[in-house]
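Residue numbering for the sequence shown follows my numbering, starting at 96 and increasing by one per position.
The C-beta atom is built at its ideal place from N, Cα and C for all residues, glycine as well.
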Amino acid sequence: MARIVQKYGGTSVGDVDRIKNVAARIKAVREAGNELVVVVSARAGVTNELIARAKAVCENPSEREMDQLLAIGEQETIALTAMALHGIGVEAMSYTGAQAGIFTDQVHTKAKIKMIHAHALEKDLRAGKVIIVAGFQGMGPDGQTTTLGRGGSDLTAIALAAAIKADKCEIYTDVDGVYTADPRVVKDARKLSEISYDEMLELASLGSKVMQSRSVEFAAKYNVVFEVRSSFNTNPGTIVKQEVAYMEKVVVRGVAVDKDQAKIVISNIVDKPGSAAKVFKGLANAHINVDMIVQNVGRQGIANLTFTVPQTESAKAIKALGPILKETGGDVTVDEKIAKLSVVGVGMRTHSGVAATLFQALADAGINLELISTSEIKISVVIQTDRADEAARLAHKAFDLDKL
Ligand code: ADP
Ligand code: ASP
Ligand code: MG
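This is the structure we're talking about:
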């Protein structure tokens, strides 16, 4: 007998038939004698639909009310999944995030899990019930409903697996596992049998939405080994775990594309100590996430400063920059038609020439690199968004990822 946490994503519980399919899979695992906690997402599209409705009634909805609203999506699927299980003779009980004892901080729409008091849940689990938990939601210090950021059901599953010391954590989605690139974009992408936390974290933060990046961070911190698999077949998936020595033999593990970024250029800013500090302090005070900063060599006392921000935050960034640029000088322009393309692999620590191979592959196709940034295990470039999918395919081929 094992204690298993499973998570089913939005497509896997997308309609009544799919919920019944999930229930049948759960029944088989339960009848094999396992203890089972199941985290479910909202039906695919529901969270987006709720966000659109919020924006239709109010231009700038309060984040507290947003959480009240968004938590509904998962509350529908927990109850339906429990009912589907009852319908096939399996004892099951649904739990909201708060009922499951998931306590978070008070940062609405992107709350962090602080602790999990799983006693009630564990009592029912030991009594033989299948526990169905609403993903993506928790309870703030004052009893408020909070949500954990988009894709947050992954985090609920991984945090619960750590809290109840599960033997296994399985993330069921609509693809067979983690691939060398998004299989919808790169047709010859290959499924990886395993990947390290560090690589998965980079891929997730750089745009591979198969896992929420915060959930991977959490898994690495608490050493929760998990497997990404498909809810539509029984193929083995991808194991995400601590790095082991042989992983460094592969130079590039995967390619990621993020089309939700914007490039901001401040031209003719005064080139003296303190200018950049003022700009980025202003952006930090407005809680804007800045990435890929480049400043050119100043000439005649002026310079250009370029950086990227999430597209959803670009308007807020421009607003925050207004008063600062009055002090530092400079004109600001925004380009939302850009994408960030990245290649990731722990093998980059010990192999050279990765940047040259990537740049050459893109150059041969006439794709212009607007910004470049590197870290120990990744290289990212900013390019025009209409070339992004093609660039992903070229990078994938340049590193022979189709031949793994
Ligand atoms: P869920 O609703 O189950 O959480 P998501 O839509 O959040 O599923 O994530 C699964 C999707 O992630 C896949 O359908 C796939 O298109 C996309 N994806 C992006 N990059 C990758 C990758 N490297 N490997 C697998 N899937 C990826
Ligand atoms: N329903 C939430 C979202 O769409 C959480 C999730 O699916 O993981 O972001
Ligand atoms: Mg997801």
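Using the Cα positions of residue i and residue j, report the straight-line distance between them to the nearest angstrom.
| i | j | result |
| --- | --- | --- |
| Val361 | Leu301 | The question names Val, but residue 361 is Ile in the sequence shown. Taking the straight line from one Cα to the other gives about 24 Å. |
| Ile114 | Pro405 | 34 Å |
| Arg148 | Ile359 | 29 Å |
| Asp277 | Leu216 | 36 Å |
| Ile208 | Gly393 | 44 Å |
| Ala127 | Val273 | 27 Å |
| Gly377 | Asn155 | 21 Å |
| Leu145 | Ile413 | 27 Å |
| Leu400 | Ala357 | 14 Å |
| Asp495 | Lys150 | 44 Å |
| Val111 | Thr172 | 10 Å |
| Thr423 | Ile478 | 28 Å |
| Asn330 | Tyr317 | 27 Å |
| Ala314 | Gly425 | 43 Å |
| Gly196 | Glu265 | 21 Å |
| Val311 | Gln395 | 46 Å |
| Val374 | Ile383 | 11 Å |
| Gly104 | Gly184 | 23 Å |
| Gly275 | Ile397 | The identity of residue 275 in the sequence shown is Thr, whereas the question assumes Gly. Cα-Cα distance, rounded: 43 Å. |
| Lys263 | Ala410 | 43 Å |
| Asp353 | Gly238 | 35 Å |
| Val346 | Gly442 | 4 Å |
| Asn116 | Val135 | 13 Å |
| Leu436 | Leu243 | 26 Å |
| Asp293 | Val335 | 10 Å |
| Thr480 | Ala434 | 5 Å |
What are the partner residues of residue i, as DSSP defines its beta bridges?
| i | result |
| --- | --- |
| Thr241 | Gly233 |
| Gln201 | Paired residue(s): none; Gln201 is not in a bridge. |
| Phe321 | Val335 |
| Leu466 | Val477 |
| Gly349 | Val439 |
| Gln395 | Answer is none; Gln395 lacks a bridge partner. |
| Lys286 | Tyr274 |
| Asp426 | Ser362 |
Say yes only if the C-beta of residue i is nearer than 7 Å to one or more non-hydrogen atoms of the ligand ADP, and no if none qualify.
| i | result |
| --- | --- |
| Arg138 | no |
| Arg444 | no |
| Asp269 | yes |
| Gly105 | yes |
Measuring from the CB of residue i, is there a heavy atom of the ligand ASP at a distance below 7 Å?
| i | result |
| --- | --- |
| Thr142 | yes |
| Glu169 | yes |
Residue i: beta carbon under 7 Å from a heavy atom of the ligand MG?
| i | result |
| --- | --- |
| Asp249 | yes |
| Gly440 | no |
| Lys304 | yes |
| Gly246 | yes |
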